[in-house]
Amino acid sequence: MIPVKSTEKQRAAYTQAIMDKWNSATADQKRRGREWYATAHQFAAEIAEGNATKGAGVLAALSANKSWSENCRLARKAFIEGTASGHVRDAITKANRIMAGTDPREVLPMHMKTGYFYLCIADPEAPEAVVIDRHAHDIAVREIYGQRDRGLGSVGRYNLLADCYREAAQRIGEVPSKVQAVTWVAHIERK
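Okay, so the sequence shown: first residue is 0 according to numbering that gives the first Met the number 0, each after it adds one.
Now the structure itself:
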């Protein structure tokens, strides 16, 4: 696990690794990554009858440990049936509260992955929001952790990596969520 209190040298190395992954992405990967959250935003609006905020909240609430396709299936089903299912009780409760009209910011952990996932889908151009998942972590540390614990439940470690993505984004000239999405696409499609 990376240290929560990293040195400037470590932070610079994580930021450089993110920029290197960005630079290794093909033009097609960059295009798809740049469009990822905008496409998710459109889907969120579609499933929630035009209310992208509500759709994004339900998608985020039902996202933990689910593939994107399964996440979308569960969220669509929740809106069609009027109640969430197919996930752990906590995720279902959060999704149902959001569908009932509670602001997603009152329901989701806004300082961690799920909250940031909501923010990125709700506003794909958000200047500070960035999702740090296992792939974002592995990109920054230049190592595939597999099933090992990355410690991303620690707010300090999460914020450290988020700040590195923000720094890389500033240097690249993109919003952090697009840098995260492009590097994610390049990472999962690596040979």
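Think of the CB as a built atom: it goes at the ideal place given N, C-alpha and C, for glycine as much as any other residue.
Residue i lies in the alpha helix (DSSP H); which residues open and close that run?
{"i": "D162", "result": "154–171"}
{"i": "Y13", "result": "7–23"}
{"i": "M98", "result": "88–98"}
{"i": "S68", "result": "67–80"}
{"i": "D27", "result": "26–46"}
{"i": "R147", "result": "It is not in any alpha helix (DSSP H) - R147 carries neither H nor E in the DSSP assignment."}
{"i": "K53", "result": "51–60"}
Between which residues of its own chain and residue i is the CB-CB distance below 7 Å, once the five residues before and five after are set aside?
{"i": "Y115", "result": "A128, V129, V130"}
Spatial neighbours of residue i within its chain, please: CB distance less than 8 Å, with the 5 preceding and 5 following residues excluded, ordered by chain position.
{"i": "A16", "result": "I138, A139, V140, R141"}
{"i": "A121", "result": "H40, A43, A51, T52, A55, G56, P103"}
{"i": "R133", "result": "Y144, R149, L151"}
Can you tell which of the options has its C-alpha closest to the C-alpha of residue i?
{"i": "K190", "options": "M0, H86, I91, S23", "result": "S23"}
{"i": "A39", "options": "S176, T182, H186", "result": "S176"}
{"i": "D89", "options": "N64, E69, I79", "result": "N64"}
{"i": "Y13", "options": "Y36, I171, C163", "result": "C163"}
{"i": "V184", "options": "I46, Y117, Q28", "result": "Q28"}
{"i": "A263", "options": "G54, S68, S66", "result": "Here the chain covers residues 0 to 190 and nothing more, so residue 263 does not appear."}
{"i": "G81", "options": "R10, E173, A47, V3", "result": "A47"}
What is the DSSP secondary structure of residue i, reduced to helix, strand or coil?
{"i": "H186", "result": "helix"}
{"i": "A63", "result": "coil"}
{"i": "S176", "result": "helix"}
{"i": "H110", "result": "coil"}
{"i": "R133", "result": "helix"}
{"i": "V3", "result": "coil"}
{"i": "A83", "result": "coil"}
{"i": "P103", "result": "helix"}
{"i": "A139", "result": "helix"}
{"i": "A121", "result": "helix"}
Leaving out the 5 sequence neighbours to the left and right, which residues in its chain are closer than 6 Å to residue i when beta-carbon positions are compared?
{"i": "V106", "result": "K93, R96, I97"}
{"i": "E166", "result": "T14"}
Just mark residue i as buried or exposed, buried being the case when its beta carbon has 16 or more other beta carbons within 10 Å.
{"i": "S62", "result": "buried"}
{"i": "I187", "result": "exposed"}
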